[in-house]
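Enquirer: Going letter by letter, the sequence shown gives residues -1 to 281 in our numbering.
We put the CB at the ideal spot given by N, CA and C, even for glycine.
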Amino acid sequence: KKHFTSGSAPKRSHGPTSNPDHEKEKTLISSSDQSPRSRPRRRFLPLIPPSLLPTMAGRGRMPPRHAFPDGGRRVPYPDVPDGPPFARGPPPPRPPPPAVYEEEIELQRVEIRRLVAENRRLVDDRMGLQRELAMAKEEIHRLNLLIADIRADKEVQMRDLIEKGMKVEADLRATEPLRNEVVQLRAEVQKLTTLRQEQVQGLKQDLSRAQADAQQLPALKGEIDGLRQEIMRVRTAFEYEKKGNAELVEQRQAMEKNMVSMARELEKLRAELASVEPRNWGT
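1. Rounded to the nearest angstrom, what separates V121 and P96 at their Cα positions?
2. Determine the direct distance from the alpha carbon of M133 to that of T173, and round the result to whole angstroms.
3. Just confirm the distance between the C-beta atoms of Q106 and N243, as a whole number of angstroms; I'd bet it's less than 8 Å.
4. Spatial neighbours of E167 within its chain, please: CB distance less than 8 Å, with the 5 preceding and 5 following residues excluded, ordered by chain position.
5. Report the residue from N142, E186, A146, N178 whose alpha carbon sits nearest the alpha carbon of K162.
6. Please report the distance separating the alpha-carbon of N117 from that of E237.
7. Which residue wins for smallest C-alpha separation from A212, given the options E136, P94, I103, Y99?
8. Say whether chain C places a C-beta atom closer than 9 Å to the C-beta of I222.
9. Would you report the Cα separation of K152 and D123, rounded to the nearest angstrom?
10. Going by beta carbon distance, what residues of the same chain come within less than 6 Å of S273, once the five residues before and after it are set aside?
11. Below 9 Å between beta carbons: does that hold for A217 and L113?
12. Do E221 and L143 count as a contact pair if the criterion is CB distance below 9 Å?
13. Could you check the C-alpha separation between V258 and M125 for me, to the nearest Å?
14. Take the Cβ of L183 as the centre, count every other Cβ of all protein chains shown within 10 Å, and call the residue buried at 16 or more, exposed below.
15. For L201 and I148, which I take to be in contact (beta-carbon distance under 8 Å), what is that distance rounded to the nearest angstrom?
16. Between the alpha carbons of E265 and E248, how many angstroms are there, rounded?
17. Nearest-angstrom Cα distance between P44 and L271?
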């Protein structure tokens, strides 16, 4: 009894030969005056149903007590030494549920549809601006032609009026009685000159408006360039989102492969435990 309580556990024999010291220890242990505290403790391991192994592997924890067929009682394994339980690493991170992936994919689909609609709207605006720009250019060209025609007509009219005035002055010099008629003609020339000036002023105003419209062309061109850059940015964002989705799919496949390998290792450990258990009971 003194030898047993010194801290050394009794050794078990696995062969036909016997050791005198070992027989002495067995005699001491089996004596009737041995106290319950001096008896060696035996290691108990739970009997895990095979159907719960995949669930345990997926959740990274032991099943509840009521899941065991014996109500959570433990079966002794003589060959398992006393000491701390088997060291276990941290449980593997559980992947998010499929609903999270589906929700993320649906959000990305909505974003893609929104971007496509925005792209179409920008393309329509760009086409409308191009049409308006072409119409403005045609209008400016037409106004330039009209101004040139008006100037030519006014110059012809001015030349005619000047020639007519010169003839009238010659006639006045030739014939004094026609002076009154010359005065009237001069008044008419003055009136026509005033009208011509008013028309020229109106044409100048039209030309100024046309020039102002022409000055707005660079601004329209800048807006078109900005729209083109916005389209390129949207396209780049779309490609980036597409690449991010591919990376998520690859990560999910890698996690599924890890889970399959862990399930295989768990099946292998269960087979090893099943092969070790009959040998222990046989000994």
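Expert: According to the structure shown:
1. To locate residue 121, count along the sequence shown from 1; it is residue 123. To locate residue 96, count along the sequence shown from 1; it is residue 98. V121 and P96: Cα-Cα distance of roughly 37 Å.
2. Taking the sequence shown and counting its residues from 1, the one referred to as residue 173 is at position 175. Taking the sequence shown and counting its residues from 1, the one referred to as residue 133 is at position 135. Cα to Cα, the separation comes out at about 58 Å.
3. On the sequence shown, residue 106 is found 108 positions in, with the first residue counted as 1. On the sequence shown, residue 243 is found 245 positions in, with the first residue counted as 1. Yes, they are in contact, since the Cβ atoms of Q106 and N243 sit about 7 Å apart, within 8 Å.
4. Within the sequence shown, residue 167 is the residue found at index 169, counting from 1. Within the same chain, E167 has close Cβ partners V180.
5. Along the sequence shown, read from residue 1 onward, the residue named residue 162 stands at position 164. Per the Cα distances, E186.
6. Residue numbering aside, residue 117 sits at position 119 when the sequence shown is read from its first letter. Residue numbering aside, residue 237 sits at position 239 when the sequence shown is read from its first letter. Distance between the alpha carbons of N117 and E237 is about 14 Å.
7. As a position in the sequence shown, residue 212 is number 214, starting the count at 1. Of E136, P94, I103, Y99, the residue nearest in Cα terms is E136.
8. Looking at the structure shown, chain C is missing, and only one protein chain is on hand.
9. Here residue 152 corresponds to residue number 154 of the sequence shown, with the count starting at 1. Here residue 123 corresponds to residue number 125 of the sequence shown, with the count starting at 1. Taking the straight line joining both Cα atoms gives about 42 Å.
10. In the sequence shown, residue 273 corresponds to position 275, counting from 1. There are no such residues.
11. Indexing the sequence shown from 1 puts residue 217 at position 219. Indexing the sequence shown from 1 puts residue 113 at position 115. No, Cβ-Cβ distance for A217 and L113 is not below 9 Å.
12. Taking the first residue of the sequence shown as position 1, residue 143 is located at position 145. Taking the first residue of the sequence shown as position 1, residue 221 is located at position 223. Their beta carbons are not under 9 Å apart, which means L143 does not touch E221 by this criterion.
13. For this step, residue 258 is matched to residue 260 along the sequence shown. For this step, residue 125 is matched to residue 127 along the sequence shown. If you take the alpha carbons of V258 and M125, they lie about 55 Å apart.
14. Numbered from 1 along the sequence shown, position 185 holds the residue referred to as residue 183. Buried is the call here.
15. By 1-based counting over the sequence shown, the position of residue 201 is 203. By 1-based counting over the sequence shown, the position of residue 148 is 150. That belief holds up - the Cβ atoms of L201 and I148 are roughly 6 Å apart, short of 8 Å.
16. Mapped onto the sequence shown, residue 265 falls at position 267. Mapped onto the sequence shown, residue 248 falls at position 250. Going by the C-alpha atoms only, they are around 26 Å apart.
17. Indexing the sequence shown from 1 puts residue 44 at position 46. Indexing the sequence shown from 1 puts residue 271 at position 273. The predicted model places P44 with a pLDDT of 46, which falls under 50 and marks its position as unreliable, so this point remains unresolved.
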